[in-house]
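Visitor:
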Amino acid sequence: MATLRYKICMQVRSVYTRITLSPTTIAFLILSLTSCIAQASIQSVLYWTDANAASTARGITHEAQVPTNVVAWVNGPNDDLTLQLCGVIPYDDFNHTSCTPIFPVTSATSSSNAPMSDYNPCTGLNISSSGMEIDSDVQLSTVRNGTGEIVGVCMDDLQFVSRTCAEMLVYPGYVLDNTRREDLALILAQVWLVAISLFAISYNSIPHILAVICTRLVQTGWSAFALWRTTNVQARFHTLFVDSGTPCQADFFPAYFTTRKAVQIPDVALNAVALLASAWLGWSLVKVYSKSTFQRVGPPIAIVRIYRYFLAIFVLLQLSAFFLVTAMSLWVDQLLNSPIEVISSHTGIYDALFLFTVLTLIPWIAIGWFAVRRELSRLMMLFLLICAAYFVCWAVMLYSKVFRWTFVQWPFFACITVSSFVVLVASGICGVVCWCKFGKGLAHYLHVEAILAESNFAQEVFTHDPEPELSRVRSPSIMSDRPTLKRDHNWDFRDIERPPIYIIDLEDHKF
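Written out as structure tokens, the structure is:
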């Protein structure tokens, strides 16, 4: 037990030493922590804003008993929209009779589309509700006609929402629910960034630093797009619910867009600052770590090139851990908590693919790391087979109508899916390139570098220059011109079957 406690204490001290090694390492970790706290707080505000707005739409549709097995199909530019409710996925050669036109108002729907300003059955009074604002914290009750048919919903016994208007709220309910899911995914992304930042500093890991920078680049681009999308969605909602001539003529989300844009603007600025700072600090650390690695064992130029492929594939593996899991989690959540749950006929297959991905992802990353680092051909074959299986799974998904529908209707899901697909393909390509470079000395170089790193071997003590300069090689004393360490000319980097040989020359000096 004492030995275990000692090892843990030594590991903690080692991590602390690496974190406090220089102002750059401290700044990089502090940046990750502060950025995580700030952006997680912002995303939490957005999450509750989206959740409250979505609950308003869902509450009205639930009270009006709008079927849950329908999806809202919206087409056209923002100033000329059409909305239909469909019992099937409106994709390719679907049966158009499965869709019911809701907006704009037609003669078939005009009888149940009495404007809210004509008569309010909640109060029995004629009122004018044009431009009416709806509070999200309201009491809802169903309104029925003489035959028991639901004709609308009363809000706080004052404001009436027609049946057609309630059906139209299926669309904002779907959009706002998806936005809420995005916020949760981005909060978890901040936690993941802190974790890999800590790992990067603790183990001088170049791939993890590059993964942090790449992820922040994607986040910054998405936050800018999300700000534009909020304005676009606001215009759509105004056309569907607020404009005169709509079945609603009411603003169900009066403070939603103002609040969201007020929070998103600093979010974009914070993401941009975090990206620039992470790129500058991260690149400084990459240069330091690279110099430290290459100075312990000065490898040939060919080994340096192969080593870069190794770094590339490890960066891609770190990104795969986030993008693949996030994409599959969002997809499964759609299957379990959206109208697609009722419409989809192959949910069991999709769940099986999700479980396969989650259960094999960590072993797949470990297999890729060991296969490249130790030049194990069989493990590399297994790594590429699993990578190909992931690729086939995503390709099969593209044949699914419900998947394509979700991909088109939900930009965040499309962004994460495309990112995971690109990372997956790039991982396979880099894996093949590394496989072709097996047997050229990388494994032995990494073995030597790891041994010297563990023993805290001083930089620039060991050199492989064919004709080293005496000024760059340490001597046993300042009075001697003979180097302490010489290169074994019989040793080759391609020889990975035997450990490296060091020849130490000692010279006695008499003073």
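Residues 970 to 1480 in my numbering are what the sequence shown spells out, letter by letter.
C-beta atoms are modelled at their ideal positions from N, C-alpha and C, and glycine is treated no differently.
Could you give the DSSP three-state label for Thr-1148: helix, strand or coil?
Guide: Here residue 1148 refers to the residue found at position 179 when the sequence shown is read from its first residue. Thr-1148: helix per DSSP, three-state reduction.
Visitor: According to DSSP, what are the bridge partners of Cys-1123?
Guide: Here residue 1123 refers to the residue found at position 154 when the sequence shown is read from its first residue. In DSSP, Cys-1123 forms a bridge with Ser-1110, Phe-1129.
Visitor: If the criterion is Cβ atoms closer than 9 angstroms, does the pair Thr-1025 and Val-1107 meet it?
Guide: Numbered from 1 along the sequence shown, position 56 holds the residue referred to as residue 1025. Numbered from 1 along the sequence shown, position 138 holds the residue referred to as residue 1107. Yes, the pair counts as a contact, with Cβ atoms nearer than the cut-off.
Visitor: Tell me whether the segment 1003 to 1017 and the segment 1035 to 1045 touch, counting them as touching only if at least three CB pairs, one residue from each stretch, are closer than 8 angstroms.
Guide: no
Visitor: Leaving out the 5 sequence neighbours to the left and right, which residues in its chain are closer than 7 angstroms to Thr-972 when beta-carbon positions are compared?
Guide: Here residue 972 refers to the residue found at position 3 of the sequence shown. Around Thr-972: no qualifying Cβ.
Visitor: Let me make sure I understand the geometry here. Which of Leu-1186, Val-1160, Ala-1033, Ala-1164 has the alpha-carbon closest to that of Met-1124?
Guide: Position 155 of the sequence shown, counted from the start, is the residue given in the question as residue 1124. Nearest neighbour of Met-1124 by Cα position, chosen from Leu-1186, Val-1160, Ala-1033, Ala-1164, turns out to be Ala-1033.
Visitor: Please state whether DSSP places Ala-1219 in a helix, a strand or coil.
Guide: The residue given as residue 1219 occupies position 250 in the sequence shown. Ala-1219: strand per DSSP, three-state reduction.
Visitor: Could you tell me the distance, in whole angstroms, from the CA atom of Ile-1282 to the CA atom of Thr-1030?
Guide: Indexing the sequence shown from 1 puts residue 1282 at position 313. Indexing the sequence shown from 1 puts residue 1030 at position 61. In a straight line, the C-alpha of Ile-1282 is about 48 angstroms away from that of Thr-1030.
Visitor: Three-state secondary structure (DSSP) at Leu-1138?
Guide: For the purposes of this step, residue 1138 is identified with residue 169 of the sequence shown, where counting begins at 1. Coil, per DSSP.
Visitor: Would you call Ala-1357 buried or exposed, if buried means 16 or more other Cβ atoms sit within 10 Å of its Cβ?
Guide: Your numbering for residue 1357 matches position 388 in the sequence shown. Exposed: under 16 other Cβ atoms inside 10 Å.
Visitor: When you compare only the Cα positions, how much space is there between Ala-1241 and Leu-1348?
Guide: Taking the first residue of the sequence shown as 1, we reach residue 1241 at position 272. Taking the first residue of the sequence shown as 1, we reach residue 1348 at position 379. Distance from the CA of Ala-1241 to the CA of Leu-1348, rounded to the nearest whole angstrom, comes to 40 angstroms.
Visitor: How close, in whole Å, do the beta carbons of Pro-1176 and Leu-1280 come, if the pair is a contact with beta carbons under 8 angstroms?
Guide: Along the sequence shown, one-based indexing puts residue 1176 at 207. Along the sequence shown, one-based indexing puts residue 1280 at 311. Confirmed, about 6 angstroms.
Visitor: Which residues in the same chain have their Cβ closer than 8 angstroms to the Cβ of Asn-1201, if we skip the five residues on either side of it in sequence?
Guide: Within the sequence shown, numbered from 1, the residue matching residue 1201 stands at position 232. Counting only Cβ-Cβ distances below 8 angstroms, and skipping sequence neighbours, we find Asn-1047.
Visitor: Expressed to the nearest angstrom, what Euclidean distance is found between the alpha-carbon atoms of Thr-994 and Phe-1339?
Guide: Locating residue 994 in the sequence shown gives position 25, where the first residue counts as 1. Locating residue 1339 in the sequence shown gives position 370, where the first residue counts as 1. Thr-994 and Phe-1339: Cα-Cα distance of roughly 27 angstroms.
Visitor: What does Leu-1052 pair with, by DSSP beta-bridge criteria?
Guide: Counting from one through the sequence shown, the residue named residue 1052 turns up at place 83. DSSP output for Leu-1052 lists Val-1043, Phe-1072 as bridge partner(s).
Visitor: Measuring straight from C-alpha to C-alpha, what distance separates Thr-1184 and Phe-1194?
Guide: Here residue 1184 is taken as the residue at index 215 of the sequence shown, counted from 1. Here residue 1194 is taken as the residue at index 225 of the sequence shown, counted from 1. Rounded to the nearest angstrom, the two C-alpha atoms are 15 angstroms apart.
Visitor: Going straight from the alpha carbon of Gln-1287 to that of Ile-1334, what length do you get?
Guide: For the purposes of this step, residue 1287 is taken as the residue at position 318 of the sequence shown. For the purposes of this step, residue 1334 is taken as the residue at position 365 of the sequence shown. Whole-angstrom Cα-Cα distance: 8 angstroms.
Visitor: Could you compute how far the alpha carbon of Ser-1389 sits from the alpha carbon of Phe-1291?
Guide: Position 420 of the sequence shown, counting from 1, holds the residue named residue 1389. Position 322 of the sequence shown, counting from 1, holds the residue named residue 1291. Ser-1389 and Phe-1291: Cα-Cα distance of roughly 8 angstroms.
Visitor: Only counting the same chain, and skipping five residues up and downstream in sequence, which positions put a Cβ closer than 8 angstroms to that of Ile-1234?
Guide: Your numbering for residue 1234 matches position 265 in the sequence shown. Excluding residues within five positions, the ones whose Cβ falls inside 8 angstroms are Leu-1196.
Visitor: Contact defined as beta carbons within less than 8 angstroms: I believe Cys-1005 pairs with Val-1160. What is the distance between those atoms, to the nearest angstrom?
Guide: Taking the first residue of the sequence shown as position 1, residue 1005 is located at position 36. Taking the first residue of the sequence shown as position 1, residue 1160 is located at position 191. 7 angstroms between Cβ atoms; contact.
Visitor: In chain order, what residues of the same chain have a beta carbon less than 6 angstroms from the beta carbon of Phe-937, not counting five sequence neighbours either side?
Guide: The requested residue 937 does not occur in the structure, where the chain is confined to residues 970 to 1480.
Visitor: Can you tell me where the alpha helix (DSSP H) holding Thr-1316 begins and where it ends?
Guide: Reading the sequence shown from its first residue, position 347 is the one you call residue 1316. Counting along the chain, the alpha helix (DSSP H) containing Thr-1316 begins and ends at 1316 to 1343.
Visitor: Quick check: the Cα distance between Thr-1003 and Ala-1246, rounded to an integer number of angstroms?
Guide: Sequence index remark: in the sequence shown, residue 1003 carries index 34 (1-based). Sequence index remark: in the sequence shown, residue 1246 carries index 277 (1-based). Approximately 12 angstroms between the Cα atoms of the pair.
Visitor: Is DSSP giving Gln-1034 helix, strand or coil here?
Guide: Along the sequence shown, one-based indexing puts residue 1034 at 65. DSSP places Gln-1034 in coil when its eight states are reduced to three.
Visitor: Checking 9 angstroms against the spacing of the C-beta atoms, do Ser-938 and Ser-1171 come in under that value?
Guide: What is shown of the chain runs 970 to 1480, which leaves residue 938 out entirely.
Visitor: Measuring straight from C-alpha to C-alpha, what distance separates Phe-1206 and Ser-1307?
Guide: Position 237 of the sequence shown, counting from 1, holds the residue named residue 1206. Position 338 of the sequence shown, counting from 1, holds the residue named residue 1307. Rounded to whole angstroms, Phe-1206 to Ser-1307 spans 20 angstroms at the Cα level.
Visitor: Three or more beta-carbon pairs under 8 angstroms between the segment 1296 to 1304 and the segment 1380 to 1388, yes or no?
Guide: yes
Visitor: Can you tell me whether Glu-1118 is helix, strand or coil according to DSSP?
Guide: Translated into positions along the sequence shown, residue 1118 becomes position 149. It is coil, neither helix nor strand.
Visitor: Run through DSSP, which three-state label would Ser-1001 get?
Guide: The sequence position of residue 1001 within the sequence shown is 32, counting from 1. Ser-1001: helix per DSSP, three-state reduction.
Visitor: Classify Thr-1227: buried if its beta carbon has 16 or more other beta carbons within 10 angstroms, exposed otherwise.
Guide: By 1-based counting over the sequence shown, the position of residue 1227 is 258. The residue in question, Thr-1227, is exposed, as its Cβ has fewer than 16 Cβ neighbours within 10 Å.
Visitor: Among Leu-1324, Arg-1343, Thr-1375, which residue has its Cα nearest to the Cα of Cys-1362?
Guide: Here residue 1362 corresponds to residue number 393 of the sequence shown, with the count starting at 1. For Cys-1362, the nearest C-alpha among the options comes from Leu-1324.
Visitor: Could you give the DSSP three-state label for Ile-1178: helix, strand or coil?
Guide: Along the sequence shown, read from residue 1 onward, the residue named residue 1178 stands at position 209. Three-state result, Ile-1178: helix.
Visitor: Once you ignore the five residues that flank Val-1392 on each side, which residues in its own chain have a CB closer than 6 angstroms to its CB?
Guide: On the sequence shown, residue 1392 is found 423 positions in, with the first residue counted as 1. Correct list, in chain order: Leu-1285, Leu-1288, Ser-1289, Phe-1292.
Visitor: Is Thr-994 helix, strand or coil when you go by DSSP?
Guide: Looking up residue 994 in the sequence shown gives position 25. In this structure, Thr-994 counts as helix in the three-state DSSP scheme.
Visitor: Helix, strand or coil: which one does DSSP assign to Leu-1162?
Guide: In the sequence shown, residue 1162 corresponds to position 193, counting from 1. Of the three classes helix, strand and coil, the one that applies to Leu-1162 here is helix, per DSSP.
Visitor: So what does DSSP say about Tyr-1258, is it helix, strand or coil?
Guide: Translated into positions along the sequence shown, residue 1258 becomes position 289. Secondary structure of Tyr-1258 (DSSP, three-state): helix.
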